[in-house]
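**Q** This is the structure I want to talk about, given as structure tokens.
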Amino acid sequence: MMTEIDYMRVAMAEAEQAEILGEVPIGAVVVHDGKIIGRGHNMREKFQDATYHAEVLAIMEACQNLGSWRLEDCDLYVTLEPCIMCSGAIINSRIKRVIYAASDPKAGAVDSLYHLLQDERLNHQVEVKSGVLATECGDMLRHFFRMIRKKRKTERKRQKEIAN
12 MMTEIDYMRV
22 AMAEAEQAEI
32 LGEVPIGAVV
42 VHDGKIIGRG
52 HNMREKFQDA
62 TYHAEVLAIM
72 EACQNLGSWR
82 LEDCDLYVTL
92 EPCIMCSGAI
102 INSRIKRVIY
112 AASDPKAGAV
122 DSLYHLLQDE
132 RLNHQVEVKS
142 GVLATECGDM
152 LRHFFRMIRK
162 KRKTERKRQK
172 EIAN
């Protein structure tokens, strides 16, 4: 039987696939009755579509596999705290529980900026657990953005040399 850590490691493997594609390394999996029924990783750059977030793609696959838009008995594991859009998809698909790794102080809509998943004014509330493999997932994101900044700095330096 897989544990929360095991499922989060599968989500991390999805995040690694995103990074290989040059995407922000965020991964997600949907679990139903102990089985992974949906997987996703960021693919916004590849498809030039702002909605291609890991959570949305994992939810779409899970709905297809269950033959229903209602994921009432499902858990979503994701490497980064979901944003407003993804939180809306989570609520609308009736996911039971969200387990996320790293907090997102700039866009997190679960605990950081908003508390959408537990807002009693909405028609569905979601159980939330945070911090599962937070350090590892946070390190993956920090490394990715460090490399992006380094690459941009190198490119600006090269362009400056060409201009001179």
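All residue numbers for the sequence shown refer to my numbering, where the first residue is 12 and numbers rise by one. C-beta: ideal position from N, C-alpha, C; glycine also.
Taking the straight line between their C-alpha atoms, what separation do you get for Tyr111 and Ala174?
**A** 46 angstroms
**Q** Between Asn76 and Ile48, is the Cβ-Cβ spacing less than 8 angstroms?
**A** Taking 8 angstroms as the cut-off, the Cβ atoms of Asn76 and Ile48 count as close.
**Q** Going by the CB atoms, is the gap between Val121 and Cys85 shorter than 8 angstroms?
**A** no
**Q** If you measure between the beta carbons of Ser104 and Asp115, is that distance less than 8 angstroms?
**A** no
**Q** Taking the continuous alpha helix (DSSP H) assigned at Glu72, which residues delimit it?
**A** 65 to 77
**Q** Does the Cβ of Thr146 have 16 or more other Cβ atoms within 10 Å, making it buried, or fewer, making it exposed?
**A** exposed
**Q** Would you call the CB atoms of Ala22 and Pro36 closer than 8 angstroms?
**A** no
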